[in-house]
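> One structure is given below, represented as structure tokens, and several questions about it will come after.
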Amino acid sequence: MNSDLKGSKRNKRIGFRFALSGILAVVKTERNLKIHCFASVAVLLTGIFLSISPIEWAVLFLTMGLVLSLEVVNSVIERVMDFIHPSYHQEVKVIKDASAGAVLIAACFAVMIALVIFVPNL
3 MNSDLKGSKR NKRIGFRFAL SGILAVVKTE RNLKIHCFAS VAVLLTGIFL
53 SISPIEWAVL FLTMGLVLSL EVVNSVIERV MDFIHPSYHQ EVKVIKDASA
103 GAVLIAACFA VMIALVIFVP NL
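Residue numbers (our numbering): 3 to 124.
So this is what it looks like as structure tokens:
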């Protein structure tokens, strides 16, 4: 049983390494994810400068996590669709556009949340 437990811990570490590798690969290749990462750093610095409350930090962290995660999922959907159907197809376009639209919706709400938190603190 001890060897099974050790193997389980090792597999979790390997899975974590694979996840980090995937995140880094997407950050290196996707311009929009770089933009969202830059915006997240700006939000973090603004929050520090304005000394926002713990609950405001929690809302911002959840919002940033949502936008960044959706951007990664969008990138994966686009790559999978390009792999499955490399030539242009109207349905593939709709799928990719809808995926990008989900990121846009989250990003717009993230801006509104940032305004609600930051403007009163200015």
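All C-beta atoms in this analysis are idealised placements derived from N, C-alpha and C, irrespective of residue type, glycine included.
Indicate the three-state DSSP secondary structure (helix, strand or coil) for residue 87 in the structure shown.
Locating residue 87 in the sequence shown gives position 85, where the first residue counts as 1. Coil at residue 87, not helix or strand.
> From residue 124 to residue 51, what distance separates their C-alpha atoms?
Numbered from 1 along the sequence shown, position 122 holds the residue referred to as residue 124. Numbered from 1 along the sequence shown, position 49 holds the residue referred to as residue 51. Cα to Cα, residue 124 sits roughly 10 Å from residue 51.
> Can the beta-carbon of residue 74 be found closer than 8 Å to that of residue 25?
In the sequence shown, the residue the question calls residue 74 occupies position 72. In the sequence shown, the residue the question calls residue 25 occupies position 23. For residue 74 and residue 25, yes; Cβs fall inside 8 Å.
> At 4 residues or longer, and completely inside the segment 19-63: list those alpha helix (DSSP H) runs for me, N to C.
The segment 19-63 contains these whole alpha helix (DSSP H) runs: 33-52.
> Let's test the definition: count the other Cβ atoms within 10 Å of the Cβ of residue 66 and tell me whether it reaches 16, buried, or not, exposed.
Taking the sequence shown and counting its residues from 1, the one referred to as residue 66 is at position 64. Residue 66 comes out buried.
> Out of 54, 53 and 62, point me to the one whose CA is closest to residue 41's CA.
Within the sequence shown, the letter at position 39 stands for residue 41. Checked all of 54, 53 and 62; the closest Cα to residue 41 is 62.
> Is the segment 68-85 in contact with the segment 98-113, if contact means three or more CB pairs nearer than 8 Å?
yes
> Once the 5 residues before and after residue 91 are set aside, which same chain residues still bring their CB inside 8 Å of it?
Stepping through the sequence shown from its first residue, residue 91 is reached at position 89. There are no such residues.
> Can you give the beta carbon distance from residue 71 to residue 35, rounded, assuming they're within the 8 Å contact cut?
Indexing the sequence shown from 1 puts residue 71 at position 69. Indexing the sequence shown from 1 puts residue 35 at position 33. Not a contact, Cβ separation roughly 10 Å.
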